[in-house]
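Asker: Note that the numbering used here has the sequence shown beginning at 1, numbered continuously upward.
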Amino acid sequence: MPEFRPDPDHDAVMDSTARHLVVTAPPGTGKTFLSIRLAGHLASTLPPGARVLLLTFSTQARTQLEQEAGRQLSRGLRERVEVTNYHRFFWHGVLAYRRALGLPMQLDVGSRGRREGALRCVDAVLVEELKHVAGMTESLAEHSFAEFRDDRTPDEETLGRLLAVVRAEQQAGRLVFDDLGALFWSLLEQFPAVEQAYQLRYPVVIADEHQDASALQDALVRRFGSDRLVIFADPMQLIHEFRGASQERLDLQLAECDENLTLGTAHRWHDSAELARWLLALRARLEGRGAPCPLPPQVRVERSPASRGFNGMKPYVKSAVSRAFEGGATTVAVLARGNNEVAELRSYLSRNGQYPRQVGTEDFEDARKDVEQLPFLTAPEKVVLHAVGRLDELVPTLRAPVMKQVRRRVLPTGVNLKGAGDESARILQALEPIYTQGPSAYFESMAAGLEACARAGHHLPRAEAVRSLTVTAAALKRQPADLDLALQRYSAAVVDAANTAPRTNRGLFVMTAHQAKGKEFDAVVLADAMDRFWPDDDDHRRLFYVAVTRASRWWTFVAPDQRASQLLEFL
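Right, dumping it as structure tokens:
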């Protein structure tokens, strides 16, 4: 067991004997360390064969918990603590019992777009409406159970028609990630012996970040955890309301628990008592409690001319990024409220020599488009144009005139290199083997095209997406295959990437405040602190708090000199 700083709040959690314990855990209060410490202690009390199940949401959080378990626990205890996230846990269960569930042996977890396309055959208008309800088209399967329906659920007749499509897709092996929870719940409902086996296996459950739990996920941890159920949650981080996550569900946990404890020591900022006091005071002020605390020197508010709007704020963002790296930061996050602003900032910073890395769920969705669309592109010209489109997405510093010239020179019988510019010619030459070797050459051609762009000095911000393509290309180079097998290998690489935490330990990142949740950076630049993006209401107070607590050392808030967000007053 490694040494740790004394913390009476941690000790209170360790000493609690409550069967159902809820721990309010603000960011930076040592929750990851405490979760593993508690899991190890509880595992040592269990009978042979039983395990502590420690559930979280993201791959990033799972990886952090696994690393902490490796540091704290002996090998024997580590084998008795299962650290996983919901999708992974459900996937293993569904895969093991797929025949009992009436599923084929070959299961393919596909894109949101593929599922939406199937649902449009029933009601295209409704599907367009459901797309605006976060996560609804993917999580429809959960609504087949009455206990998981809510105000997002379509009427009974419409739901029945949509669920018929979902069931048909599942029986064909065409899944989306959110099918897995519903299928696993169905397994427990249909087979009492399987349910009993899981309950005996996991008499202790520790649920991390439970404010984000869906109705099904909340029901699952209650269904297991017969000896001990420990909930770690923070109402101030309830920002997604994804899959029906709600304050009401968290309130019910608090009402029904045997004990509620709160962590109050800011361990992440333990080397600066001033920063720790400020962050705890900021939380109190955002919650409506008076807590005066002076602004630390590590926090700056930069004012841009309001007359220039969002464009006028971008140079201040660039300067803040430079200042952070020059000051010793190894990771800097530029955060904004919306996807449009994030796209503008990525483009602006890339044009000005600051090359952000890009992480997010779009890697999986875009890769699945390859898997799902390539089999239907029989003409080499169509495959090459698809590859050109992917290169355009993955290499944002490629100039539009270059890509326009590349597209014009893709012909039915081959590429036209005569008179092509150097950059266009490099891309065309990389893609040329598709004409002679067929669609299975797509991956090697994409890898060659990406390498050519990198050698020419272009920025490749989506490292994980590029890695899936290059890993597949390398495998095919060693052992050539037809398109079907090539797509199987690529699909496996994509799923592996989706189950691996993106590397965020170095570099510049630009993302929405929502996407930053669960990540930690040396410095954070909030790039758009305007009242139209950040109004003062409960939802934005919580989101603002999440954005602020992503940083460990430096903060910069860029705001216009008029109509700045009132949330800055809480600083």
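Cβ coordinates follow ideal geometry from the N, Cα and C atoms, glycine included.
1) Name the DSSP beta bridge partners of Trp278, please?
2) Assuming Ala255 and Glu147 make a contact with CB atoms under 8 Å, what is their CB distance in whole Å?
3) Quick check on the burial criterion: 16 or more other C-beta atoms within 10 angstroms. Buried or exposed for Lys436?
4) Closest by CA to Leu568, which one among Trp534, Asp538, Asp496?
5) Near His458, which residues of its chain fall below 6 Å by C-beta distance, leaving aside the five closest residues on each side in sequence?
6) Between Leu73, Leu250, Arg88, which has its C-alpha nearest Gln60's C-alpha?
7) Using DSSP bridges, identify the partner residues of Ile231.
8) Tell me whether Ser16 sits in a helix, a strand or coil according to DSSP, three-state version.
9) Identify the continuous alpha helix (DSSP H) that holds Arg222 and give its terminal residues.
10) Answer with buried or exposed for Arg337, where buried requires no fewer than 16 other C-beta atoms within 10 angstroms of its C-beta.
11) Distance check for Ala430 and Ala481, CA to CA, integer angstroms please.
12) Using the three-state DSSP reduction, which class does Val375 fall into: helix, strand or coil?
13) Assign Lys519 to buried or exposed, taking buried as 16 or more other Cβ atoms, counted over all protein chains shown, within 10 Å of its Cβ.
14) Kindly confirm or deny that the segment 351–363 and the segment 543–552 touch, where touching means at least three C-beta pairs closer than 8 Å.
15) Run the CB neighbour count on Gln106, radius 10 Å, all protein chains shown included, and call it buried at 16 or more, exposed below.
16) Alpha helix (DSSP H) containing Pro315: first to last residue?
17) From what residue to what residue does the beta strand (DSSP E) around Leu55 run?
18) Locate the beta strand (DSSP E) running through Leu560, then write down its first and last residues.
19) Could you tell me which residues DSSP puts in a beta bridge with Ile261?
20) Which residue marks the beginning of the alpha helix (DSSP H) containing Phe521, and which one marks its end?
21) Within a Cβ cutoff of 6 Å, which residues of the same chain sit near His132, ignoring the five residues on either side of it in sequence?
22) Tell me which residue opens and which closes the beta strand (DSSP E) that Ala336 is part of.
23) Residues in its own chain within less than 8 Å of Cys257 by CB, not counting five upstream and five downstream?
24) In the DSSP assignment, find the beta strand (DSSP E) that holds Met511 and state where it starts and stops.
25) To which residues of the same chain is Asn339 closer than 8 Å at the C-beta, ignoring the five residues directly before and after it?
26) Counting only runs of 4+ residues fully inside the segment 81–163, write out the alpha helix (DSSP H) ranges in chain order.
Answerer: To lay it out plainly:
1) Beta-bridge pairing links Trp278 to no other residue.
2) With a Cβ gap of about 18 Å, Ala255 and Glu147 do not count as contacting.
3) Note on residue identity: the sequence assigns Thr, not Lys, to residue 436. Flag for Thr436 reads exposed.
4) Trp534
5) Val395, Thr397
6) Arg88
7) Val22, Ala207
8) coil
9) 215–223
10) buried
11) 19 Å
12) It is worth fixing the name first, because residue 375 is Pro in this sequence and not Val. Reduced to three states, the DSSP call for Pro375 is helix.
13) buried
14) no
15) exposed
16) 314–326
17) 52–56
18) Here residue 560 turns out to be Pro, not Leu, going by the sequence shown. Residues 551–560.
19) It is Leu, not Ile, that sits at residue 261 in the sequence shown. Leu261 is bridged to Val23.
20) Premise fails: Phe521 lies in the beta strand (DSSP E), 521–526, not in any alpha helix (DSSP H).
21) none
22) 331–336
23) Ala18, His20, Leu21, Val22, Ile231
24) 507–512
25) Thr512
26) Annotation note: the segment 81–163 contains the following uninterrupted alpha helix (DSSP H) runs of length 4 or greater, listed N- to C-terminal: 86–96, 112–130.
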